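Enquirer: From first to last, the protein sequence lines stand for chains A and B. In case it helps, our numbering puts the first sequence at residues -4 to 253. In case it helps, our numbering puts the second sequence at residues 28 to 259. By construction, the Cβ of each residue, glycine as well, lies at the ideal position given by its N, Cα and C atoms. Being a predicted model, the structure only gives us computed values, none of them experimental.
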Amino acid sequence: MKVAVFGDSYADENIVKSKFNYKSWVEILREKYYPDLTCYGTSASSLYFSYDLFLEHQNKFDKIIFIYTGAGRITIPKYIKFKEDPRNSIEHINKHTNSHIMYHVANIATAEDHLLDHHNLMTEEGALATKAAVEYFKYLYDFEYELKMHNLMKDSIKAIRNDVVGIDITPHGQPKHGQPKPLGLFDISMYESPISIDKSDWMKKYIDCRTCHLSPRNNEILADKIFEWCNGKPVHIDLNDFEKPTEEEFLKHVRPMA
Amino acid sequence: MKVAVFGDSYADEIMNKNEVNYKSWVELLREKYYPDLTCYGMSGSSLYFSYNLFLEHQSKFDKIIFVTTTPGRILIPKYIKFNGNRAHLMYHINSIDTAIQHLDEPAMTEEGILATKAAIEYFKYLHDPVKDKRLYNLMKEHIRKIRSDTIMIETMMNGLSDISYYEFNPTGYRDPNMWKCRDARMCHLSPRNNEILADKMFEWCNGVSIKIDVKDFEVPSKEELERLVYIR
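1) Does B/His129 come within less than 9 Å of chain A when only Cβ atoms are used?
2) Can you give me the C-alpha to C-alpha distance between A/Leu209 and A/Pro175, rounded to a whole angstrom?
3) Using a Cβ cut-off of 8 Å, pull out every chain B residue sitting near A/Pro175, in sequence order please.
4) Note down the Cα distance separating B/Ser72 from A/Val(-2), rounded to an integer number of angstroms.
5) In chain order, what residues of the same chain lie with their CB nearer than 7 Å to the CB of A/Ser94, ignoring the 5 residues before and after it?
6) Specify the secondary structure class of B/Leu102 as computed by DSSP and reduced to three states.
7) Which of the three DSSP states, helix, strand or coil, is assigned to B/Ala31?
8) Which residues in the same chain have their Cβ closer than 6 Å to the Cβ of A/Ser40, if we skip the five residues on either side of it in sequence?
9) Is A/Val159 buried or exposed, if buried means 16 or more other CB atoms sit within 10 Å of its CB?
10) Taking 9 Å as the threshold (beta carbon to beta carbon), is B/Pro218 in contact with chain A?
11) Does the Cβ-Cβ distance between B/Thr143 and B/Asn121 come in under 9 Å?
12) To the nearest angstrom, how far is the alpha carbon of B/Lys108 from that of A/His114?
13) Span of the beta strand (DSSP E) holding A/Ala(-1)?
14) Give the range of the beta strand (DSSP E) segment to which A/Asp203 is assigned.
15) Who are the neighbours of A/Met148 on chain B, taking C-beta pairs under 9 Å?
16) Looking at C-beta atoms only, is the number of pairs between the segment 228 to 241 of chain A and the segment 65 to 82 of chain B that lie closer than 8 Å three or more?
17) Name the DSSP bridge partner or partners of A/His256?
18) Kindly list the residues whose CB is nearer than 6 Å to the CB of A/Ala101, restricted to its own chain and excluding five residues on each side of it in sequence; keep chain order.
19) Hey, would you say B/Leu187 sits closer than 9 Å to B/Cys214, going by beta carbons?
20) DSSP three-state label for B/Pro62, please.
21) I'd like to check one pair, A/Ser151 with B/Glu194: are the Cβ atoms closer than 9 Å?
22) Which first and last residues belong to the alpha helix (DSSP H) in which B/Lys90 is found?
23) Three-state secondary structure (DSSP) at A/Leu116?
24) Tell me, please, whether the CB atom of B/Pro62 is closer than 9 Å to any CB atom in chain A?
25) Going along the chain, which residues of the segment 115 to 142 of chain B sit with their C-beta nearer than 8 Å to a C-beta in chain A?
26) Please return the same chain residues whose Cβ sits closer than 6 Å to the Cβ of B/Ile258, not counting the five positions on each side in sequence.
27) Give a yes or no on whether the minimum CB-CB distance between B/His215 and chain A is below 9 Å.
28) Looking at A/Leu142: is its Cβ nearer than 9 Å to the Cβ of A/Ile62?
29) Buried or exposed, going by whether 16 or more other CB atoms sit within 10 Å of the CB of B/Asn196?
30) Using CA coordinates, which residue listed in B/Ile147, B/Leu141, B/Val241 is at the minimum distance from A/Ala269?
31) Does any C-beta atom of chain A lie closer than 9 Å to the C-beta of B/Pro104?
32) Just to make sure I have the definition right: I need the residues of chain C whose C-beta is within less than 7 Å of the C-beta of B/Asp155. Which are they?
33) Express the C-alpha separation of B/Ala38 and B/Lys29 in angstroms, rounding to a whole number.
34) Go through its chain and collect everything with a Cβ distance to B/Phe229's Cβ below 6 Å, but skip five positions before and after it.
35) Which of helix, strand or coil does DSSP assign to A/Leu209?
36) Are the segment 165 to 184 of chain B and the segment 76 to 88 of chain B touching, with three or more C-beta to C-beta distances below 8 Å?
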């Protein structure tokens, strides 16, 4: 069975791979269940980035797993060029070069990080586009608009492939009447934490080096869950199905920013 | 029957009203056929602006007429404030040229300047026509899904702009310089073509298939056109 995975860092099997050598749920799913699995997951990418890839490639696959990132990220258009850095080559399965990270601007902090810390990849037009993204977030960003476009893309994905296994990072919107608020993959990331911290502070205060933002054990559990969801079980995240790592293990992969 | 009209300048019954004293198709449709017609048309507005109004208001109406604008326009968010009686126009940016014109408007504020400049930078470095077209189509599909009875009329290809251009050149030639002129026509159409369009809209609201054939419209005299469309 040919399987494709689309999504952001929660579906990026290459993220921080060099640092901690444990397997992501994507690799485990490939090894255990679907040898012919192609992963298009790209860290920090927008839903539109994955939607674009989905439209291009979905008809080559028997099964689609789509990790829906949060609303409101920016993808810098392809006509803007960044530099390649041969010293830092990354062999991505989806054939991205190492400058690909510069196209994905999740928020102002990411854009500023690209401007300050990625001189080796930055170009003149790239800097202008990245600064334009900063200005966009400051003065044009409208979450209501972003959310509506996000939901339209999700509906379109479901309409094109009604067999899609769609998994939210952070489900938006209100729960159905009488139902608890649905959970997403971000909730598992938070559940692992022994530290009580507000969700909104998380990204600002911690460097998360977990593969797909999950512990080794929870990557294993998630791979099995996704296999079940691919085989007809309704997608549902219950934190009781996952395990809390020890504080020591957690802090091996997540550390407070200096 | 309660009727709502959504759209851009092709559906804006106020734009140019003070300058040329004739009626738009929206007003004629209200006067002749649908006294209880509400017009949400706004010059320069994006599809998202109208889509958002549609989501908010469509359930109050028996019939929806939706004039779809071109893809890729920007709506400045409501949290940015402008001044004065032209403030509402400052939120709608359809090109770099519009944004540059807005910067000279008395309605401009400090935060408005920053947002308008951000829109210019967006058009220069972040604009992705493929993405814009896709999101545009998704909004249109959603409108049709919510209200399959919507009278949806394009402005561009096989749309109302065909009539605007036809008024200049019946051969269909689209002079790119035309839009550099000041177009004071109500809804970009001559008085007579606004009348014809109002009748067409009524027919379309009553089940006739939507089709814009420029031959159903009339070419105004050169004098009339020069009075309505002139070099700034």
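Expert: On the basis of the data shown:
1) If you number the second sequence from 1, residue 129 of chain B lands on position 102. At a cut-off of 9 Å between C-beta atoms, B/His129 does not count as an interface residue with respect to chain A.
2) By one-based count along the first sequence, residue 209 of chain A stands at place 214. By one-based count along the first sequence, residue 175 of chain A stands at place 180. Here the alpha carbon of A/Leu209 sits roughly 23 Å from the alpha carbon of A/Pro175.
3) Residue mapping note: residue 175 of chain A aligns to position 180 of the first sequence, counting from 1. None at all; the shortest Cβ gap to chain B is about 27 Å.
4) The residue labelled residue 72 of chain B in the question sits at position 45 within the second sequence. The residue labelled residue -2 of chain A in the question sits at position 3 within the first sequence. The C-alpha of A/Val(-2) is placed about 42 Å away from the C-alpha of B/Ser72.
5) As a first step, residue 94 of chain A is located in the first sequence; it is residue number 99 there, counting from the start. Contacts found: Phe77, Lys78, Glu79, Leu116.
6) As a working mapping, residue 102 of chain B is identified with position 75 in the second sequence. Annotated three-state conformation of B/Leu102 is strand, per DSSP.
7) Here residue 31 of chain B refers to the residue found at position 4 when the second sequence is read from its first residue. In the three-state reduction of the DSSP assignment, B/Ala31 falls in the strand class.
8) Residue mapping note: residue 40 of chain A aligns to position 45 of the first sequence, counting from 1. The residues are Asp3, His99.
9) As a working note, residue 159 of chain A is residue 164 in the first sequence. Result: buried.
10) On the second sequence, residue 218 of chain B is found 191 positions in, with the first residue counted as 1. Closer than 9 Å: no.
11) Within the second sequence, the letter at position 116 stands for residue 143 of chain B. Within the second sequence, the letter at position 94 stands for residue 121 of chain B. For B/Thr143 and B/Asn121, no; Cβs fall outside 9 Å.
12) One-based indexing of the second sequence puts residue 108 of chain B at position 81. One-based indexing of the first sequence puts residue 114 of chain A at position 119. Going by the C-alpha atoms only, they are around 36 Å apart.
13) What you label residue -1 of chain A is simply residue 4 of the first sequence in a count that begins at 1. Counting along the chain, the unbroken beta strand (DSSP E) around A/Ala(-1) starts and ends at -2 to 1.
14) Mapped onto the first sequence, residue 203 of chain A falls at position 208. Per DSSP, A/Asp203 belongs to the beta strand (DSSP E) from 201 to 203.
15) Counting from one through the first sequence, the residue named residue 148 of chain A turns up at place 153. The contacting residues are Arg161, Leu162, Leu165.
16) The way I'd put it, the segment 228 to 241 of chain A doesn't touch the segment 65 to 82 of chain B; fewer than three beta-carbon pairs between them come closer than 8 Å.
17) The requested residue 256 of chain A does not occur in the structure, where chain A is confined to residues -4 to 253.
18) As a working note, residue 101 of chain A is residue 106 in the first sequence. Answer for A/Ala101: Ala39, Arg68, listed in chain order.
19) Translated into positions along the second sequence, residue 187 of chain B becomes position 160. Translated into positions along the second sequence, residue 214 of chain B becomes position 187. In this structure, the beta-carbon distance from B/Leu187 to B/Cys214 falls below 9 Å.
20) Residue 62 of chain B sits at position 35 when you count from the first residue of the second sequence. Looking at B/Pro62 - three-state DSSP - the assignment turns out to be coil, as it is neither helix nor strand.
21) Stepping through the second sequence from its first residue, residue 194 of chain B is reached at position 167. Stepping through the first sequence from its first residue, residue 151 of chain A is reached at position 156. At least 9 Å separates the beta-carbon of B/Glu194 from that of A/Ser151.
22) Here residue 90 of chain B is taken as the residue at index 63 of the second sequence, counted from 1. If you look at B/Lys90, you'll find it isn't in any alpha helix (DSSP H); it sits in the beta strand (DSSP E) that goes 90 to 95.
23) In the first sequence, residue 116 of chain A corresponds to position 121, counting from 1. Here A/Leu116 sits in coil by DSSP.
24) What you label residue 62 of chain B is simply residue 35 of the second sequence in a count that begins at 1. It does not: the Cβ of B/Pro62 has no partner Cβ on chain A nearer than 9 Å.
25) Here the close residues are Glu138, Leu141, Ala142.
26) As a first step, residue 258 of chain B must be located in the second sequence, where it is residue number 231. Hits under 6 Å: Cys208.
27) Counting from one through the second sequence, the residue named residue 215 of chain B turns up at place 188. Closer than 9 Å to the CB of B/His215 there is not a single CB belonging to chain A.
28) As a position in the first sequence, residue 142 of chain A is number 147, starting the count at 1. As a position in the first sequence, residue 62 of chain A is number 67, starting the count at 1. The answer is no: Cβ separation not under 9 Å.
29) Reading the second sequence from its first residue, position 169 is the one you call residue 196 of chain B. Exposed, since its Cβ has fewer than 16 Cβ neighbours within 10 Å.
30) Any property of residue 269 of chain A remains undetermined from this structure, which presents chain A solely from -4 to 253.
31) On the second sequence, position 77 is the one that residue 104 of chain B refers to. Chain A contact via Cβ: present.
32) In the displayed structure, chain C is absent; the protein chains listed are A and B.
33) Reading the second sequence from its first residue, position 2 is the one you call residue 29 of chain B. Reading the second sequence from its first residue, position 11 is the one you call residue 38 of chain B. Going from the Cα of B/Lys29 to the Cα of B/Ala38 covers about 17 Å.
34) Numbered from 1 along the second sequence, position 202 holds the residue referred to as residue 229 of chain B. Non-local beta-carbon contacts of B/Phe229 in its own chain, meaning distances under 6 Å to residues more than five positions away in sequence, involve Tyr60 in chain order.
35) The residue labelled residue 209 of chain A in the question sits at position 214 within the first sequence. In the structure shown, the three-state DSSP call for A/Leu209 is coil.
36) Cβ pair count under 8 Å is three or more, so yes.
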